[in-house]
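*Asks:* First residue of the sequence shown: 16, per my numbering; consecutive thereafter. Just so you know, even glycine gets a beta-carbon here, dropped at the ideal spot from N, CA and C. Encoded as C-alpha cells, here's the structure I'll be asking about.
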Amino acid sequence: MVTIDINMDLGEGMNVEGQVMPFISSCNVACGGHYGNYDSIKETLLLAQKYNVKTGAHPSFDDLKNFGRSQLDWDEARFRESVSKQIQQFQDVALELGITMNHIKMHGALYHATAHLTDYVNWTIQLVKDKYPEVKLYVPPGSLLEQELKNHGLSYDREAFADRRYDNDGKLVSRNDANAVIEDVSKLVNQLSIMVHENKVICIDEHEIFLNAQTYCVHGDNLSIVHNFNEVITALNLNQIKIG
Numbered sequence: 016m017v018t019i020d021i022n023m024d025l026g027e028g029m030n031v032e033g034q035v036m037p038f039i040s041s042c043n044v045a046c047g048g049h050y051g052n053y054d055s056i057k058e059t060l061l062l063a064q065k066y067n068v069k070t071g072a073h074p075s076f077d078d079l080k081n082f083g084r085s086q087l088d089w090d091e092a093r094f095r096e097s098v099s100k101q102i103q104q105f106q107d108v109a110l111e112l113g114i115t116m117n118h119i120k121m122h123g124a125l126y127h128a129t130a131h132l133t134d135y136v137n138w139t140i141q142l143v144k145d146k147y148p149e150v151k152l153y154v155p156p157g158s159l160l161e162q163e164l165k166n167h168g169l170s171y172d173r174e175a176f177a178d179r180r181y182d183n184d185g186k187l188v189s190r191n192d193a194n195a196v197i198e199d200v201s202k203l204v205n206q207l208s209i210m211v212h213e214n215k216v217i218c219i220d221e222h223e224i225f226l227n228a229q230t231y232c233v234h235g236d237n238l239s240i241v242h243n244f245n246e247v248i249t250a251l252n253l254n255q256i257k258i259g
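If you want it as C-alpha cells, here you go:
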C-alpha cells in the first residue's frame, strides 16, 4: 500500500468541504483573488483543523468574474501587492485558529504564469525569499519555477493533477478543450494509479511521459468527482493507494 498526499482546492463556494475533508490530506484555501473572504477561509480552516488536514494559501489573479482563470496584465508591483495581501488574509485567520500555513499554491492562470513565464517565475522567487522562505510551494514537475526554486534552495512539492488531462509537453490541456477535465471516477482512479505506481501519465494523444510528484490535486469544483469521492477512496484502496 502506497500512501499519497491528495490536495484539493477548497473554500471556493462549492459547499463540498464537509463532504471531502475527512478523506483528503491537504487543501488549498481560496483567499480573495478568485474567491474567498474571512468567513469562508475560517469555515474551511476549522474543518481542516477538525480532520487534521494540512492547509495552504491559494492566491489568484484578482479576477472574481472569471474565477481566476484568465491571465491579467500585471507588473511586479501589482503581483507582489496582490499575492502578499491574499496570503496575509489566509495567515491572519490561520493565526487566530493556531494553524500553521503548510504551503502556497497559486490558482488558475496565476499557477501557470508563475510556473512557466520568466517574469512571473522571478517575481515568485523574490517574494518567497523575502516573505515566505520556510514555506513550500506546490508546483508543476519540470517547470521553470521548479528549477528556480531548486537553484535558490527553496522548498517545494511537485504536483500532478488527478482530474486533468495532459499534453505531451507535460502541461495541462486547456480548459477550452472539452476533454480537459476528467469527470469519471474510474478514469480518474486509473490516471492517478498510473501516476503513483509508474511515475508517468498517458497524455491526451495517448503518448506516455514521465511524471513524478509528491502531491496530487483533485479540484473542489469538479463536482462529478467530489460528490462521488467515497467511490474514489474505495477504488484507490483496491489499487493499493491510501491517502494520508
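Could you round the C-beta distance between LEU285 and ARG179 to whole angstroms and report it? I think they count as a contact, below 8 Å.
*Replies:* Because the chain in this structure spans residues 16 to 259, residue 285 falls outside the shown range and cannot be described.
*Asks:* I'd like the ranges of any alpha helix (DSSP H) spanning at least 4 consecutive residues and lying wholly in the segment 95–140.
*Replies:* 123–131
*Asks:* Over the uninterrupted beta strand (DSSP E) stretch that includes PHE244, give me the two end residues.
*Replies:* Taking the sequence shown and counting its residues from 1, the one referred to as residue 244 is at position 229. Counting along the chain, PHE244 falls outside any beta strand (DSSP E), though it belongs to the alpha helix (DSSP H) covering 244–253.
*Asks:* If you measure between the beta carbons of HIS127 and GLY83, is that distance less than 8 Å?
*Replies:* Locating residue 127 in the sequence shown gives position 112, counting from the first residue. Locating residue 83 in the sequence shown gives position 68, counting from the first residue. Not closer than 8 Å, so no.
*Asks:* Taking the alpha helix (DSSP H) that TYR53 falls in, what are its first and last residues?
*Replies:* Within the sequence shown, numbered from 1, the residue matching residue 53 stands at position 38. Residues 53–65.
*Asks:* Going along the chain, which residues of its own chain have a beta-carbon closer than 7 Å to the beta-carbon of ASN183, five neighbours each way excluded?
*Replies:* Counted from its first residue, the sequence shown places residue 183 at position 168. Cβ neighbours of ASN183 beyond the five flanking positions: CYS218, ASP220, HIS222 and ILE224.
*Asks:* Which of the three DSSP states, helix, strand or coil, is assigned to SER41?
*Replies:* Sequence index remark: in the sequence shown, residue 41 carries index 26 (1-based). Here SER41 sits in strand by DSSP.
*Asks:* Can you grab the Cα-Cα spacing for the pair LYS144 / VAL204, in whole Å?
*Replies:* On the sequence shown, residue 144 is found 129 positions in, with the first residue counted as 1. On the sequence shown, residue 204 is found 189 positions in, with the first residue counted as 1. Roughly 37 Å between the two C-alpha positions.
*Asks:* Using only CA atoms, which one of GLN141, LEU112, GLN106 and ALA124 lies nearest to HIS167?
*Replies:* Taking the first residue of the sequence shown as position 1, residue 167 is located at position 152. Nearest C-alpha to HIS167: GLN141.
*Asks:* I need the boundaries of the alpha helix (DSSP H) containing MET23, first residue and last residue.
*Replies:* Residue 23 sits at position 8 when you count from the first residue of the sequence shown. In the DSSP assignment, MET23 falls outside any alpha helix (DSSP H) and within the unbroken beta strand (DSSP E) covering 17–25.
*Asks:* To which residues does DSSP link LEU187 through a beta bridge?
*Replies:* In the sequence shown, counting from the first residue as 1, residue 187 sits at position 172. Answer is TYR181.
*Asks:* Return the chain-ordered list of same chain residues with a C-beta closer than 6 Å to the C-beta of LEU164, the five sequence neighbours on each side being excluded.
*Replies:* The residue you call residue 164 lines up with position 149 of the sequence shown. So the list reads TYR171, once near-sequence residues are dropped.
*Asks:* Between which two residues does the beta strand (DSSP E) harbouring GLU174 extend?
*Replies:* Start at 1 with the first residue of the sequence shown, and residue 174 comes out as number 159. That run of the beta strand (DSSP E) goes 171–176.
*Asks:* Strictly by DSSP, which residues pair up with TYR153?
*Replies:* Here the question's residue 153 lines up with position 138 in the sequence shown. ASP172.
*Asks:* Contact check, ASN243 vs VAL200 under 8 Å by CB: the rounded distance?
*Replies:* For the purposes of this step, residue 243 is taken as the residue at position 228 of the sequence shown. For the purposes of this step, residue 200 is taken as the residue at position 185 of the sequence shown. Going by Cβ atoms, the distance from ASN243 to VAL200 rounds to 5 Å, so yes, they are a contact pair.
*Asks:* For VAL233 versus ALA175, is the C-beta spacing smaller than 8 Å?
*Replies:* Taking the first residue of the sequence shown as 1, we reach residue 233 at position 218. Taking the first residue of the sequence shown as 1, we reach residue 175 at position 160. Against a cut-off of 8 Å, the Cβ pair of ALA175 and VAL233 comes out as no contact.
*Asks:* Can you have a look at ASN67 and say buried or exposed, based on whether 16 or more other CB atoms are within 10 angstroms of its CB?
*Replies:* If you number the sequence shown from 1, residue 67 lands on position 52. ASN67 is exposed by the Cβ-count criterion.
*Asks:* Roughly how many whole angstroms lie between the Cα atoms of GLY266 and ILE209?
*Replies:* Not covered by the structure: residue 266. The range shown for the chain is 16 to 259.
*Asks:* Please state the DSSP three-state secondary structure of GLU221.
*Replies:* Position 206 of the sequence shown, counting from 1, holds the residue named residue 221. If DSSP states are grouped into helix, strand and coil, GLU221 belongs with coil.
*Asks:* Out of LEU226, VAL108 and VAL241, which has the shortest C-alpha to C-alpha gap to LEU207?
*Replies:* Sequence index remark: in the sequence shown, residue 207 carries index 192 (1-based). Of LEU226, VAL108 and VAL241, the residue nearest in Cα terms is LEU226.
*Asks:* If we ignore side chains and look at the alpha-carbon of each, how far apart do PHE38 and VAL31 end up?
*Replies:* Translated into the one-based positions of the sequence shown, residue 38 becomes position 23. Translated into the one-based positions of the sequence shown, residue 31 becomes position 16. Straight-line Cα distance between these residues: approximately 12 Å.
*Asks:* If you draw a straight line from the C-alpha of LYS202 to the C-alpha of GLY47, how long is it?
*Replies:* Translated into the one-based positions of the sequence shown, residue 202 becomes position 187. Translated into the one-based positions of the sequence shown, residue 47 becomes position 32. Straight-line Cα distance between these residues: approximately 32 Å.
*Asks:* Note down, in chain order, each residue of its chain lying with its Cβ closer than 7 Å to the Cβ of GLN64, except the 5 sequence neighbours on either side.
*Replies:* Numbered from its first residue, the sequence shown carries residue 64 at position 49. Beyond the five residues adjoining it in sequence on each side, GLN64 comes within less than 7 Å, by CB distance, of LEU112 and ILE114 in the same chain, given in chain order.
*Asks:* Need the endpoints of the alpha helix (DSSP H) that LYS80 sits in, please.
*Replies:* Here residue 80 refers to the residue found at position 65 of the sequence shown. Element bounds for LYS80: n/a, residue is neither H nor E.
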